[in-house]
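A.B. asks:
Residue numbers (this note's numbering): 366 to 688.
1. Where residue 397 and residue 565 are concerned, what is the direct C-alpha to C-alpha distance, given to the nearest angstrom?
2. Any idea what DSSP makes of residue 371, helix, strand or coil?
3. Closest to residue 423 by CA distance: which of 523, 543, 476, 493 is it?
4. Under the DSSP definition of a beta bridge, which residues are partnered with residue 395?
5. Let me know if residue 427 comes out buried or exposed under the rule of 16 or more other beta-carbons within 10 Å of its beta-carbon.
6. Note the first and the last residue of the continuous beta strand (DSSP E) segment covering residue 675.
7. Closest to residue 419 by CA distance: which of 456, 425, 453, 470 is it?
8. Measuring straight from C-alpha to C-alpha, what distance separates residue 498 and residue 468?
9. Taking contact to mean at least 3 C-beta pairs separated by less than 8 angstroms, is the segment 573 to 583 in contact with the segment 369 to 377?
10. Using the three-state DSSP reduction, which class does residue 485 fall into: helix, strand or coil?
11. Using 8 angstroms as the cut-off, can you tell me whether the segment 607 to 621 makes contact with the segment 404 to 411, which would need three or more C-beta pairs spanning the two stretches below that distance?
12. Looking only at DSSP bridge pairs, what is residue 480 linked to?
13. Cutting at 7 angstroms between CB atoms, please list the residues of its own chain near residue 567, excluding the five before and the five after it.
14. Could you tell me the boundaries of the beta strand (DSSP E) in which residue 542 lies?
15. Where do the ends of the beta strand (DSSP E) carrying residue 448 lie?
16. Beta-carbon within less than 7 angstroms of residue 625's beta-carbon, same chain only, minus the 5 sequence neighbours each way: which residues are those?
17. Examine the Cβ distances between the segment 639 to 647 and the segment 502 to 519 and report whether three or more of them are shorter than 8 angstroms.
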């Protein structure tokens with residue numbers, strides 16, 4: 366813990382710069398800006414930048430958060446088409462490329478990297494290659510992937526993420542990564558103007574020194590690549606041992622996001638009742654979001670400091686509930 370400092374203090378501006386440097390080193394992006402707010406805010410920032418581009422867009426969706434990108438784009442008044450596949454399904458990259466070739470007016474493509482709702486990791490490398498070949502700007506929501514798997518943003522136009530989740534810091538800071546210097550644009554609301562942040566050393570408005578300090582420290586403690594290896598090992602342990610009891614993750618092993626196991630329960634089992642029971646027994650799962658309740662999904666997220674023994678205890682507890 367430390368006392369808060371002014372967002373105009375030289376020491377704070379240096380901490381922001383150091384945090385930006387660590388984030389760029391982690392992702393390969395040239396630039397990143399820190400916004401006081403949530404992942405929803407920084408997706409609005411991305412949408413606002415797309416609003417001032419020429420051409421139309423294509424948004425991919427294979428789950429709840431792809432649908433939210435569509436909502437962001439609609440609210441911002443963007444001109445775009447949608448390519449949907451069923452929840453938890455992989456994109457057919459050939460079909461994505463053909464759609465782009467058939468629509469030469471498309472100048473940007475927007476997708477989730479980790480589709481958290483169903484625990485699927487979309488193919489960043491494949492999407493990057495397609496967008497390069499089609500001369501289309503790639504935009505990504507990396508909210509649950511950053512800090513849990515390698516994320517290469519060197520060729521991405523815009524990418525959003527957050528200080529919580531995979532980076533294991535406190536929630537409250539949204540991140541926007543980019544690779545070409547962006548100019549301020551008076552058509553964009555001030556708080557959403559990415560270029561304005563760049564011209565103000567990343568701190569045009571009030572920022573929380575406590576949240577930035579927590580993010581800075583979390584980045585120093587990430588221990589990459591060991592963190593990726595631990596998350597993958599624990600994911601494989603959970604998937605293997607749960608399958609022995611007939612409980613399967615929504616995403617296929619080949620395309621799964623290691624840090625998120627989404628399990629759609631049979632209708633005779635209530636995800637709310639299961640989540641409440643597991644919470645009473647000491648296991649904090651994600652299950653209360655409206656979309657999770659509607660789909661009867663519980664989620665095991667491996668984003669904090671979790672031991673293999675805790676994973677095994679969770680499996681045993683779930684198995685007992687399933688009897």
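Glycine included, C-beta positions come from ideal geometry on N, C-alpha and C. None of the values given here were measured: they were computed from a predicted structure.
C.D. replies: Considering the structure as presented:
1. 13 angstroms
2. Residue state, collapsed to three classes: coil.
3. 476
4. Answer is none; residue 395 lacks a bridge partner.
5. buried
6. Counting along the chain, residue 675 falls outside any beta strand (DSSP E), though it belongs to the alpha helix (DSSP H) covering 673 to 687.
7. 470
8. Distance between the alpha carbons of residue 498 and residue 468: 14 angstroms.
9. yes
10. strand
11. no
12. 485
13. 381, 385, 398, 399
14. Where residue 542 is concerned, the enclosing beta strand (DSSP E) stretches over 538 to 543.
15. It spans 445 to 449 - the beta strand (DSSP E) in which residue 448 sits, taken as one unbroken run.
16. 479, 481, 484, 509, 664, 666
17. no
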